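K.L.:
Can you read through this structure? Questions will come right after.
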Amino acid sequence: MLTHDINLFPSRRDEKWKYSDLRSSLRHLSDGIEDENKPNFLLPDGLTLEEVDCEFSSVKNISSALAENYCNKAWKINVPESFKSDQSLIISNLNSGHSRIIININTGGCLSLVEYYESQSNSFINTNIIINIMDKGELDRVIFHDDTQETVRISSAIINSESNTKITQNAISFGSALSRIETLLTASGENLNATINGAYLLSENRHCDMTSNIELLKPNCHIRQLVKGVVKDKSNGVFQGKFHVHRPAQHTDAEMRHDALMLSDRSKIRSKPELEIYADDVACAHGNTIGQLDEDVLFYLRQRSIPRAEAEAMLTEAFVSDVFYSLKDDQLQENILTKIRGRL
Amino acid sequence: MLKINNLSANVDNGNKQIINNLSLAVPAGEVHAIMGPNGAGKSTLSYVLTGKPGYEVTSGDVLLSGESLLDFSPEERAAKGIFLSFQYPIEIPGVPTMTFLKTALNAQRRANGLDEMGAPEFLKKSRALATELKIKPEMLKRPLNVGFSGGEKKRMEIFQMMMLEPNFILMDETDSGLDVDALRLVAEGVNKLRDPKRGILIITHYQRLLDYIVPDKVHVLSAGRIAASGDAEFAKKLEVEGYDAYA
Ligand SMILES: Nc1ncnc2c1ncn2[C@@H]1O[C@H](COP(=O)(O)OP(=O)(O)OP(=O)(O)O)[C@@H](O)[C@H]1O
Ligand SMILES: [Mg+2]
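Those protein sequences? They're chains H and G, same order as listed.
The opening position of the first sequence corresponds to residue 1 in the numbering used here, with each subsequent residue numbered one higher.
The opening position of the second sequence corresponds to residue 1001 in the numbering used here, with each subsequent residue numbered one higher.
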């Protein structure tokens, strides 16, 4: 059992957390650490919410361990076979303490899921989501992270997919004192088609960590990952991405990209893209760039009367917005772009 | 209108002097042309006038309608009405041409204390000008200059110029890369902007453009200064004789 002992939280000495020192960020913040949270669920017609016991899961990470320690209940949603809806499952009030959410998408079921992380308080938040996608199931997940600066947040999604499934994930984060959005995906079936995209736009002292680990166990999976980051002031961006292609996972077609823009000298980007490949007939690639805005381009815009700050905002928006082209929901896409514009 | 007095400027952190005690005056209502060998400093002059970072003025002054420009930022100079048609227009992925142009126009208006132009008026004006310059509406939706041909990029510069209606126009080799029909369209556009209150300075290597836009004066820029000046006929002579006499 965990108790509220700060030394049990991972710190920069733990390989997986070396760029996001959770322990030190919790030194001055204890609100929420021992609380169980009740999220809000807005359910599409045809879905129901169940309260179940919070049991031990097979994934042992800090998010799961904390949820299992502090939550009596888990929130479970069962998406029936062949379920389709033009409404999204919207989860909000993930704003203090721990929550475990379990989503089962049955054969051929399609779920559109939107998670809002919008805390106004200085507290610790842990969202632990377990998603199982059965044959031919589809998940379209959007994470919208806009906390106040003091929040410390971890979000961990543990996703398992069976054969012929489709996953589209888009995360937008404006960071907080420390935040980590983690996606741990295991493709246990063939023929997964996944797009795992994200963007972080950070200012002041904010920190955002986008970490993902994708285990590919079977053949013919197609993965695209694009994460873009913009850091201003003294902010910190972290990208850690791993594709682990197991021996049977022949014909994997996987591409990982992380592109970041540093708008100040005092900001930091740390990135760790990793490919671990044991199958011999695969196409895997990764790319990672860190750059600045091009002065010649800025000059061109300024020569057309556009003030420097506005020119920077235009170019930054252009830089991040292609991440969200894969979003199917036009309204949500526009909301995200508007939010981005407001932050530039 | 535009007065350049004994201007010297360098690049490369002061290591390379390119403009050398250059003086030139373009009165309102006139069109002047600058010709000169490659590397003479023509584009550099256009960047110094518009305030490009990295170009350092070491002496002299540049006045637009009596006001020194040198202390102003590029955007402030642009808002005062100095417009550069770039020798090499920049590609800007992710920024649709129309969005860019509307932002530019309204930034210029705001800086001059005018209300922003509404969408209907903007659309009407841009459509009319695009038609005039034979720019396909489809091109205006694309990211600025991305994938445009050389000639299309130059036409886009003129389109922007006609939208922004600047007080002073600098054109840096706008004719290079244009086919004959495009050259005529561009020249017609420029001629339309000829106005007793506006000055125009055209940098070119070819007499051909000056057949369409007849300049009041032609200057040779060589080794960073004005080496000779003459009337429109002078350009024809230069085309035949070259610049050797002015090195
Ligand atoms: N940033 C720079 N650093 C070093 N040298 C430069 C820089 N910019 C320009 N120069 C040099 O200054 C000189 C003048 O260049 P500029 O582009 O003004 O010539 P130009 O007269 O426009 O030539 P062209 O007819 O070929 O367009 C050239 O020798 C060029 O190499
Ligand atoms: Mg030049």
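Heads up, the beta-carbon is just placed ideally off N, CA and C, and yes, glycines get one too.
Quantities reported herein were computed from a predicted structural model and do not represent experimental measurements.
Which residues mark the beginning and the end of the alpha helix (DSSP H) in which Ala1107(G) is found?
P.N.:
Run containing Ala1107(G): 1097-1111, per the alpha helix (DSSP H) assignment.
K.L.:
Measure the CB-CB distance between Thr186(H) and Asn160(H) and report whether it falls below 8 Å.
P.N.:
Going by C-beta atoms, Thr186(H) is nearer than 8 Å to Asn160(H).
K.L.:
Identify whether Thr48(H) lies in helix, strand or coil by the three-state DSSP scheme.
P.N.:
Coil at Thr48(H), not helix or strand.
K.L.:
Mind checking whether Cys284(H) and Val238(H) have CB atoms under 8 Å apart?
P.N.:
Contact flag unset, no.
K.L.:
With a threshold of 7 Å (Cβ to nearest heavy atom), would Lys1153(G) be considered close to ligand 2?
P.N.:
Not under cutoff, so the answer is no.
K.L.:
Could you give the DSSP three-state label for Val1120(G): helix, strand or coil?
P.N.:
Strictly speaking, residue 1120(G) in this sequence is Pro, with Val absent from that position. Three-state DSSP puts Pro1120(G) in a helix.
K.L.:
Within 8 Å of any Cβ in chain H, is that where the Cβ of Ile1135(G) sits?
P.N.:
No, no contact with chain H.
K.L.:
Between Ser1222(G) and the rest of its own chain, which residues show a CB-CB distance below 7 Å, the 5 nearest in sequence each way excluded?
P.N.:
Cβ within range, chain order: Gly1036, Pro1037, Ala1040, Tyr1243, Tyr1246, Ala1247.
K.L.:
Starting from the beta carbon of Pro1093(G), find every residue of chain H whose beta carbon is closer than 9 Å, and list them in chain order.
P.N.:
Simply Ala318, Phe319, Asp322.
K.L.:
In chain H, which residues lie with their C-beta within 7 Å of the C-beta of Lys1052(G)?
P.N.:
Simply Phe299.
K.L.:
Measure from the C-beta of Pro307(H) to each C-beta in chain G and report whether the shortest distance is under 8 Å.
P.N.:
Output row for Pro307(H): interface = yes.
K.L.:
Could you spell out the range, first to last residue, of the alpha helix (DSSP H) harbouring Met1163(G)?
P.N.:
1150-1164 is the extent of the alpha helix (DSSP H) around Met1163(G).
K.L.:
Residues in the same chain with beta-carbon distance under 6 Å from Ser271(H), minus the five sequence neighbours each way, listed in chain order, please.
P.N.:
Same-chain partners within the cutoff: Phe239, His258, Asn288.
K.L.:
In the DSSP assignment, what residue or residues form a beta bridge with Met1001(G)?
P.N.:
Answer is none; Met1001(G) lacks a bridge partner.
K.L.:
Take Gln333(H) as the anchor and find which of Ser121(H), Arg141(H), Ile125(H) has the nearest alpha-carbon.
P.N.:
Answer by Cα proximity: Arg141(H).
K.L.:
What three-state label does DSSP hand Ile6(H) in the structure shown?
P.N.:
Here Ile6(H) sits in helix by DSSP.
K.L.:
Under 8 Å, Cβ to Cβ, is there at least one residue of chain G near Asp296(H)?
P.N.:
Judged by the 8 Å Cβ criterion, Asp296(H) is in contact with chain G.
K.L.:
So does Lys1125(G) have its beta carbon nearer than 7 Å to some heavy atom of ligand 2?
P.N.:
No, since every heavy atom of ligand 2 falls outside the 7 Å radius drawn around the Cβ of Lys1125(G).
K.L.:
Is there at least one Cβ from chain H nearer than 8 Å to Phe1086(G)'s Cβ?
P.N.:
Cβ-Cβ to chain H under 8 Å: yes for Phe1086(G).
K.L.:
Would you please state the rounded distance, in angstroms, between the beta carbons of Glu190(H) and Pro219(H)? I believe it to be under 8 Å.
P.N.:
About 5 Å separates the two Cβ atoms, so the contact holds.
K.L.:
Report the residue from Glu310(H), Asn93(H), Asp53(H), Leu337(H) whose alpha carbon sits nearest the alpha carbon of Ser321(H).
P.N.:
Ser321(H) has its Cα closest to that of Leu337(H), out of Glu310(H), Asn93(H), Asp53(H), Leu337(H).
K.L.:
Determine the chain H residues that contact Gln1108(G) at a beta-carbon separation under 7 Å, and present them in chain order.
P.N.:
Here the neighbours are Ser305.
K.L.:
Would the C-beta of Asp952(G) count as close to ligand 1, meaning under 7 Å from any of its heavy atoms?
P.N.:
With chain G covering only 1001 through 1247, there is no way to say anything about residue 952(G).
K.L.:
Report the three-state DSSP secondary structure of Ser176(H) (helix, strand or coil).
P.N.:
Here Ser176(H) sits in strand by DSSP.
K.L.:
With H, G and I counted as helix, E and B as strand and the rest as coil, what does DSSP make of Thr1131(G)?
P.N.:
Three-state result, Thr1131(G): helix.
K.L.:
Compare the Cα-Cα distances from His207(H) to each of Leu192(H), His222(H), Ser188(H), Ala177(H) and report the closest residue.
P.N.:
Ranking the options by Cα distance to His207(H), first place goes to Ala177(H).
K.L.:
Can you name the residues of chain H whose CB is closer than 9 Å to the CB of Ala1078(G)?
P.N.:
In chain order: Arg302, Gln303, Arg304, Ser305, Ile306.
K.L.:
Which one of Ile1004(G), Thr1044(G), Lys1003(G) has the shortest CA to CA distance from Asp1012(G)?
P.N.:
Closest option to Asp1012(G), Cα to Cα, is Thr1044(G).
K.L.:
Does the beta-carbon of Val1031(G) have 16 or more other beta-carbons within 10 angstroms, so that it is buried, or is it exposed?
P.N.:
Classification for Val1031(G): buried.
K.L.:
If you draw a straight line from the C-alpha of Ser25(H) to the C-alpha of Lys38(H), how long is it?
P.N.:
The alpha-carbon atoms of Ser25(H) and Lys38(H) are separated by roughly 24 Å.
K.L.:
What residue range is occupied by the uninterrupted beta strand (DSSP E) comprising Tyr200(H)?
P.N.:
Segment 193-202, the beta strand (DSSP E) holding Tyr200(H).
K.L.:
Phe319(H) by DSSP, collapsed to three states: which one?
P.N.:
Helix at Phe319(H).
K.L.:
Per DSSP, what kind of secondary structure is Gly1250(G) in: helix, strand or coil?
P.N.:
Since the first and last residues shown for chain G are 1001 and 1247, residue 1250(G) lies out of range.
K.L.:
Measure the Cβ-Cβ separation of His98(H) and Ala74(H) and say whether it is below 8 Å.
P.N.:
No, the Cβ-Cβ distance between His98(H) and Ala74(H) is not below 8 Å.
K.L.:
Does Glu1121(G) get closer than 8 Å to chain H when you measure Cβ to Cβ?
P.N.:
No - not a single Cβ of chain H is within 8 Å of the one on Glu1121(G).
K.L.:
Got a sec: does ligand 2 put a non-hydrogen atom nearer than 7 Å to the Cβ of Ser176(H)?
P.N.:
Answer for Ser176(H): no, Cβ out of range of ligand 2.
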